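Chain order of the listed sequences is H and S. Counting with our numbering, you get residues 1 to 153 for the letters of the first sequence. Counting with our numbering, you get residues 154 to 821 for the letters of the second sequence.
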Amino acid sequence: MRRYLSVIAICVASAAAAVEPGEVLDDPALEARAREISQGLRCTVCQNESIDESSAPVARDLRLLVRERLVAGDSDAEVMDFIVARYGEFVLLRPSTEGANLLLWLLGPAALVLAVGGVLIGRRRGAAEAPLSAEEEAALAALLAEDGDTKNK
Amino acid sequence: MARLPWLGAPSWAISFLVIVELGHFALILAFALSLFQTVVPLWGAHRRMPGWMAAAEPAATLQFLLIGFSFAALTYAFVTSDFSLKIVADNSHTLKPMIYKVTGVWGNHEGSLLLWVLILALFGAMAAWWGGGLTDTLRARVLGVQGAVGAAFLAFLIFTSNPFLRLANPPLNGTDLNPLLQDPGLAFHPPFLYLGYVGLSLTFSFAVAALIEGRVDAAWARWVRPWALAAWVFLTIGIALGSWWAYYELGWGGFWFWDPVENASFMPWLLAVALLHSAIVVEKRESLKAWTILLAILAFGFCLIGAFIVRSGVLTSVHAFANDPERGVYLLAITAFFTGGALTLFAWRAPIMQGRGVFGVVSRESALVANNILLAVSCLVVFVGTIWPLVAELFLDRKLSVGPPFFNIAFTPFMVALAVILPVGSALPWKRAKLRRVVWKVRYVLALAVALGALVWAMQTGRSALGPIGAALGAWLVAGALKDLWERGGKKLSRLRTLPGADWGKAVAHSGLGITMFGVAGLIAWQVEDIRVAQIGETFTVERYEITLKDVREVQGPNYISTMAFLDVSRNGRFVETLTPERRIYPVAGMPTTEAAIRNGVGRDVYLVIGEPQANGGWAVRSFIKPFANWIWAGCIIMALGGAISLGDRRLRVAAGAKKATAGVPAE
Numbered sequence: 001m002r003r004y005l006s007v008i009a010i011c012v013a014s015a016a017a018a019v020e021p022g023e024v025l026d027d028p029a030l031e032a033r034a035r036e037i038s039q040g041l042r043c044t045v046c047q048n049e050s051i052d053e054s055s056a057p058v059a060r061d062l063r064l065l066v067r068e069r070l071v072a073g074d075s076d077a078e079v080m081d082f083i084v085a086r087y088g089e090f091v092l093l094r095p096s097t098e099g100a101n102l103l104l105w106l107l108g109p110a111a112l113v114l115a116v117g118g119v120l121i122g123r124r125r126g127a128a129e130a131p132l133s134a135e136e137e138a139a140l141a142a143l144l145a146e147d148g149d150t151k152n153k
Numbered sequence: 154m155a156r157l158p159w160l161g162a163p164s165w166a167i168s169f170l171v172i173v174e175l176g177h178f179a180l181i182l183a184f185a186l187s188l189f190q191t192v193v194p195l196w197g198a199h200r201r202m203p204g205w206m207a208a209a210e211p212a213a214t215l216q217f218l219l220i221g222f223s224f225a226a227l228t229y230a231f232v233t234s235d236f237s238l239k240i241v242a243d244n245s246h247t248l249k250p251m252i253y254k255v256t257g258v259w260g261n262h263e264g265s266l267l268l269w270v271l272i273l274a275l276f277g278a279m280a281a282w283w284g285g286g287l288t289d290t291l292r293a294r295v296l297g298v299q300g301a302v303g304a305a306f307l308a309f310l311i312f313t314s315n316p317f318l319r320l321a322n323p324p325l326n327g328t329d330l331n332p333l334l335q336d337p338g339l340a341f342h343p344p345f346l347y348l349g350y351v352g353l354s355l356t357f358s359f360a361v362a363a364l365i366e367g368r369v370d371a372a373w374a375r376w377v378r379p380w381a382l383a384a385w386v387f388l389t390i391g392i393a394l395g396s397w398w399a400y401y402e403l404g405w406g407g408f409w410f411w412d413p414v415e416n417a418s419f420m421p422w423l424l425a426v427a428l429l430h431s432a433i434v435v436e437k438r439e440s441l442k443a444w445t446i447l448l449a450i451l452a453f454g455f456c457l458i459g460a461f462i463v464r465s466g467v468l469t470s471v472h473a474f475a476n477d478p479e480r481g482v483y484l485l486a487i488t489a490f491f492t493g494g495a496l497t498l499f500a501w502r503a504p505i506m507q508g509r510g511v512f513g514v515v516s517r518e519s520a521l522v523a524n525n526i527l528l529a530v531s532c533l534v535v536f537v538g539t540i541w542p543l544v545a546e547l548f549l550d551r552k553l554s555v556g557p558p559f560f561n562i563a564f565t566p567f568m569v570a571l572a573v574i575l576p577v578g579s580a581l582p583w584k585r586a587k588l589r590r591v592v593w594k595v596r597y598v599l600a601l602a603v604a605l606g607a608l609v610w611a612m613q614t615g616r617s618a619l620g621p622i623g624a625a626l627g628a629w630l631v632a633g634a635l636k637d638l639w640e641r642g643g644k645k646l647s648r649l650r651t652l653p654g655a656d657w658g659k660a661v662a663h664s665g666l667g668i669t670m671f672g673v674a675g676l677i678a679w680q681v682e683d684i685r686v687a688q689i690g691e692t693f694t695v696e697r698y699e700i701t702l703k704d705v706r707e708v709q710g711p712n713y714i715s716t717m718a719f720l721d722v723s724r725n726g727r728f729v730e731t732l733t734p735e736r737r738i739y740p741v742a743g744m745p746t747t748e749a750a751i752r753n754g755v756g757r758d759v760y761l762v763i764g765e766p767q768a769n770g771g772w773a774v775r776s777f778i779k780p781f782a783n784w785i786w787a788g789c790i791i792m793a794l795g796g797a798i799s800l801g802d803r804r805l806r807v808a809a810g811a812k813k814a815t816a817g818v819p820a821e
């Protein structure tokens, strides 16, 4: 418990000190790119915080590295590759689409397609079977009449 | 006064000492009683024995009283700083302000679990008190299942996380509560969240009871909906409080981090929204019965998974305050037992629940099905994104992270789609409709939304499309909701007042969603940030504001030392306010915190943070202009208000509906 608190203390409590004034690049366009990249890179010691938000020393080193590469003329993708080559894909807050990760990315859209398709097919099948028996119709009518707010659509 | 355990103390002082022991005893009694509350009513309902079934109600009430007493005893220990209790010594301090002594009761794993169990018992008791209209067997079964959930958590509490453990050698003072938790926003965040999570336990109990009973009808839905609605209202407020807290406390004005713990509260919220809407279809049209039952099971299932995520530490997160793998195993067992058991029961009994209502592809029912699909899929995306790092590590041998950039891309489209269909869907009539006619009805709303989006697009040159889209969606939702209300009131102002609360609640809640969506988009799109070193007396300009660093001083707080900066803020040369951001050190807990100073405004917040002193003089100062930040939480509160209005209406109708149900369906 104490150990976790101390991690929180480093990472969260003094987060205001994340990007220090001294780190900011003079070129605003380059600085904006650096911020954008920083927001996609994870601090290696904090939980679920980007290096842009983290005040841990490691995060500061990474921020400086990002800016160094940008000043040296790297493109955004080159900077990312450079960092990932050193720290592993763990630092990517936006996971790659390689290999099994494709499943992570496609699950939402796939589930949507399946659900909509399933409902439509189920509906068609249901419609074929659906006509209510006279008995059911009567029960339904009784229920609807009983339901005080049917007029309320 | 009760600090003297030796014999010379007057007898009244000793009697106070026993309060904690009595609280412990009450908790154990409550556990025994919860076993009784599970077995006797369920067996009684099975064998149709009225006496056994009737035992459920007093059992539920008594359980609530026992746990309530136990909670009061623990609160008493915190308030009187009884450091012979381990959790008081670990989480409190004599100098801590009184309010945080009280809220400190749930600022730790054991105490928060006791609060969880208390609320569980409260919902059980409320179901007993107001369950008069239910059939005897259904009521007995609901209370029985609720008792079983209670028993599982009470066992967990007593055997793995007992808050009443004494220390052999009590310290003279405590080690203080985590300073991050010493904050009004966060102090009341857990009770609201728990009211939400645990409220969903009752809808779960209703679902399981209905599966055992083998009957789901309009009356059942009418019974479940108010509970789902109440749980959702509390969950909304709880999440909003947490987000608001993060905004002002963490020091850079973020409001949502897609942190595992946040996701743990967000997934039940999404499913609760789906449940609210599908229960309407069951109530009005007797369709989607099996699906609604499934949602009720899953919504609580995700609460349990959330409890597991937060308390086990498998997915360590920024604000998991209690990590323990052993407890994790127990919680996983609870989750597996209740979710798995209920799903098995569902697979077995669901085919019995035939829907009745037939509906066309274009109808209110279909729109609500679309709502449910989008919400369920977005919940799935959040779930998979949350556990993916674990899956990758266990099965793929890859250490990777899934952070905000993933969720922003993978989750947001579903919410946008939901917002796009909402005003049309809610204007569709039941059973069968003509899409063209409904779209024609909302043509002005559509025009307004598009025009506003275009206007915003024109005003902000060369920035992201997020702002205009947010403005258009917000206008679409709010105007759509108002238009719908106007139509329902027969386009007469006088009739609006007499509309049922459900109609008002719907319009208000949907407007709230629009306001939140606009706030989120506006804040992200138009935030301005400035980081610099400022000397004392220096003035700098951020957007239209001139900010002067007047002074930085040491200030002594009740249990902390603060470095407080005084910054004068003016706008276009006119003085606005002196803001005082702080850096605090809590010596007992040994933790620093940042306290941002915020000038709240309807259109924008000015958000100032003081950083480190610099080697060559001056201070690091971060200034943010955060447009429309307050709209995010205002929207959440409006959503919750909509739910509350709807609930006000429900109460009357529930009573009426329940009476009919008992009259119409002879007791078995």
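Here a beta-carbon is modelled for each residue, glycine too, at the ideal position from N, C-alpha and C. Fair warning: this is a prediction, and the values are worked out from it, not measured in the lab.
Mind the definition here: the stretch 675-685 of chain S touches the stretch 731-743 of chain S only if three or more C-beta pairs lie below 8 Å; say whether that holds.
-> Contact fails: fewer than three Cβ-Cβ distances are below 8 Å.
Is the Cβ of Arg42(H) closer than 8 Å to any Cβ of chain S?
-> Here residue 42(H) refers to the residue found at position 42 of the first sequence. So, interface residue.
With a 10 Å radius around its C-beta and 16 neighbouring C-beta atoms as the bar for buried, classify Gly690(S) as buried or exposed.
-> Walking along the second sequence from the start, residue 690(S) turns up at place 537. Classification of Gly690(S): exposed, given that the 10 Å Cβ count is below 16.
Quick one: what's got a C-beta closer than 8 Å to Ala749(S)'s C-beta in the same chain, skipping five residues either side?
-> For the purposes of this step, residue 749(S) is taken as residue 596 along the second sequence, with counting starting at 1. These residues qualify, in order along the chain: Tyr401, Glu402, Gly404, Gly406, Pro734, Tyr760, Leu761 and Val762.
Assuming Trp629(S) and Ala570(S) make a contact with CB atoms under 8 Å, what is their CB distance in whole Å?
-> If you number the second sequence from 1, residue 629(S) lands on position 476. If you number the second sequence from 1, residue 570(S) lands on position 417. Wrong, their Cβ atoms sit about 12 Å apart, outside the cutoff.
Under the rule that 16 or more other beta-carbon atoms within 10 Å means buried, what is Val708(S), buried or exposed?
-> Numbered from 1 along the second sequence, position 555 holds the residue referred to as residue 708(S). With fewer than 16 Cβ atoms within 10 Å of its Cβ, Val708(S) is classed as exposed.
Against chain H: residues of the stretch 242-267 of chain S by CB proximity under 7 Å = For the stretch 242-267 of chain S, which is checked against every Cβ of chain H, not one residue is closer than 7 Å.
Pick from Leu320(S), Ala207(S) and Leu638(S) that is closest to Trp282(S), judged by C-alpha positions = For the purposes of this step, residue 282(S) is taken as residue 129 along the second sequence, with counting starting at 1. For Trp282(S), the nearest C-alpha among the options comes from Ala207(S).
Got a sec: is the Cβ-Cβ distance from Leu143(H) to anything in chain S below 8 Å?
-> For the purposes of this step, residue 143(H) is taken as the residue at position 143 of the first sequence. Yes, because at least one Cβ of chain S sits closer than 8 Å to the Cβ of Leu143(H).
Partners in chain H for Gly538(S), counting only beta-carbon separations shorter than 8 Å = Locating residue 538(S) in the second sequence gives position 385, counting from the first residue. What Gly538(S) touches in chain H: Leu104.
Who pairs with Pro621(S) in a beta bridge, going by DSSP?
-> As a working mapping, residue 621(S) is identified with position 468 in the second sequence. Pro621(S) pairs with nothing; no bridge assigned.
Proximity of Ile446(S) and Val369(S) at Cβ, strictly below 8 Å | Position 293 of the second sequence, counted from the first residue, corresponds to residue 446(S). Position 216 of the second sequence, counted from the first residue, corresponds to residue 369(S). Yes; because the gap between Cβ atoms is below 8 Å, this pair is in contact.
Using a C-beta cutoff of 8 Å, does Val426(S) count as contacting chain H?
-> For the purposes of this step, residue 426(S) is taken as the residue at position 273 of the second sequence. With respect to chain H, the C-beta atom of Val426(S) has no partner C-beta closer than 8 Å.
Out of curiosity, what's the CA-to-CA distance linking Ala607(S) and Ala425(S)?
-> Within the second sequence, numbered from 1, the residue matching residue 607(S) stands at position 454. Within the second sequence, numbered from 1, the residue matching residue 425(S) stands at position 272. Between Ala607(S) and Ala425(S), the C-alpha separation is close to 34 Å.
Secondary structure at Phe474(S), three-state DSSP: helix, strand or coil?
-> By 1-based counting over the second sequence, the position of residue 474(S) is 321. Low confidence applies to Phe474(S): its pLDDT is 46, below 50, so where it sits in the model is not reliable enough to give any reading.
From His262(S), Ser245(S), Ala183(S) and Asp289(S), residue whose alpha carbon lies closest to that of Leu273(S) | Counted from its first residue, the second sequence places residue 273(S) at position 120. The shortest Cα separation from Leu273(S) among His262(S), Ser245(S), Ala183(S) and Asp289(S) belongs to Ala183(S).
Determine whether the Cβ of Ala34(H) lies closer than 8 Å to any Cβ atom of chain S.
-> The residue labelled residue 34(H) in the question sits at position 34 within the first sequence. It does not; no Cβ of chain S falls within 8 Å.
Spatial distance of Phe781(S) from Leu635(S) (CA atoms) | Here the question's residue 781(S) lines up with position 628 in the second sequence. Here the question's residue 635(S) lines up with position 482 in the second sequence. Their Cα atoms are separated by approximately 21 Å.
State yes or no: is the beta carbon of Pro343(S) nearer than 8 Å to at least one beta carbon in chain H?
-> The residue you call residue 343(S) lines up with position 190 of the second sequence. By this cut-off, Pro343(S) is not an interface position.
Between the stretch 785-794 of chain S and the stretch 32-43 of chain H, do at least 3 Cβ pairs fall closer than 8 Å?
-> Contact between the stretch 785-794 of chain S and the stretch 32-43 of chain H is absent: fewer than three C-beta pairs spanning the two stretches fall below 8 Å.
Excluding the 5 residues preceding and the 5 following Phe474(S) in the sequence, name in chain order all residues of the same chain whose CB lies nearer than 8 Å to its CB.
-> The residue you call residue 474(S) lines up with position 321 of the second sequence. With a pLDDT of 46 at Phe474(S), under the threshold of 50, the predicted position of this residue should be treated as unreliable, and no value is reported.
Using a Cβ-Cβ distance under 8 Å, would Val116(H) count as near chain S?
-> The count along the first sequence starts at 1 and reaches residue 116(H) at position 116. Val116(H) counts as touching chain S.
Residues, ordered as in the chain, of the stretch 544-556 of chain S that lie near chain H by beta-carbon distance below 9 Å | The residues in question are Val544, Ala545, Phe548, Leu549, Arg551, Lys552, Leu553, Ser554, Val555 and Gly556.
Spatial distance of Val171(S) from His177(S) (CA atoms) = Indexing the second sequence from 1 puts residue 171(S) at position 18. Indexing the second sequence from 1 puts residue 177(S) at position 24. Taking the straight line joining both Cα atoms gives about 10 Å.
Identity of the residues DSSP links to Glu707(S) by a beta bridge = As a position in the second sequence, residue 707(S) is number 554, starting the count at 1. According to DSSP, Glu707(S) bridges with Thr716(S).
Just the chain S side, please: which residues come within less than 7 Å of Arg94(H) by C-beta, in chain order?
-> Numbered from its first residue, the first sequence carries residue 94(H) at position 94. For Arg94(H), the residues of chain S that pass the 7 Å Cβ criterion are Gly556, Pro558 and Phe559, in the order they occur in the chain.
Sorted by chain position, which residues of the same chain lie with C-beta nearer than 8 Å to Leu325(S)'s C-beta, five sequence neighbours on each side aside?
-> Taking the second sequence and counting its residues from 1, the one referred to as residue 325(S) is at position 172. Once the five neighbours on either side are set aside, the close Cβ partners of Leu325(S) are Phe236.
Among Leu215(S), Ile505(S), Glu518(S) and Asp329(S), nearest to Tyr713(S) - alpha-carbon criterion = Against the second sequence, residue 713(S) aligns to sequence position 560. Nearest C-alpha to Tyr713(S): Asp329(S).
Name, please, each residue of chain S whose Cβ falls closer than 8 Å to the Cβ of Phe90(H).
-> Sequence index remark: in the first sequence, residue 90(H) carries index 90 (1-based). Within chain S, the residues Lys552, Leu553 and Ser554 have their CB atoms less than 8 Å from the CB of Phe90(H), given in chain order.
Quick one: is Arg752(S) near chain H, going by C-beta distance under 8 Å?
-> Here residue 752(S) refers to the residue found at position 599 of the second sequence. No, no contact with chain H.
If you measure beta-carbon to beta-carbon, which residues of the stretch 407-423 of chain S are closer than 8 Å to chain H?
-> Correct list: Gly407, Phe410, Trp411, Asp412 and Pro413.
For Met744(S): DSSP bridge partner residues | Taking the second sequence and counting its residues from 1, the one referred to as residue 744(S) is at position 591. Answer is Tyr739(S).
Would the beta-carbon of Cys46(H) be found less than 7 Å away from any heavy atom of the ligand MG?
-> No copy of the ligand MG occurs in the structure displayed, which carries no ligand at all.
Quick one: is Leu533(S) near chain H, going by C-beta distance under 8 Å?
-> The residue given as residue 533(S) occupies position 380 in the second sequence. Closer than 8 Å: yes.
Considering only residues of the same chain and omitting the five flanking positions on each side of Ala452(S), which have a CB-CB separation below 6 Å?
-> Residue 452(S) sits at position 299 when you count from the first residue of the second sequence. Cβ within range, chain order: Leu353, Pro421, Leu424, Ala425 and Leu428.
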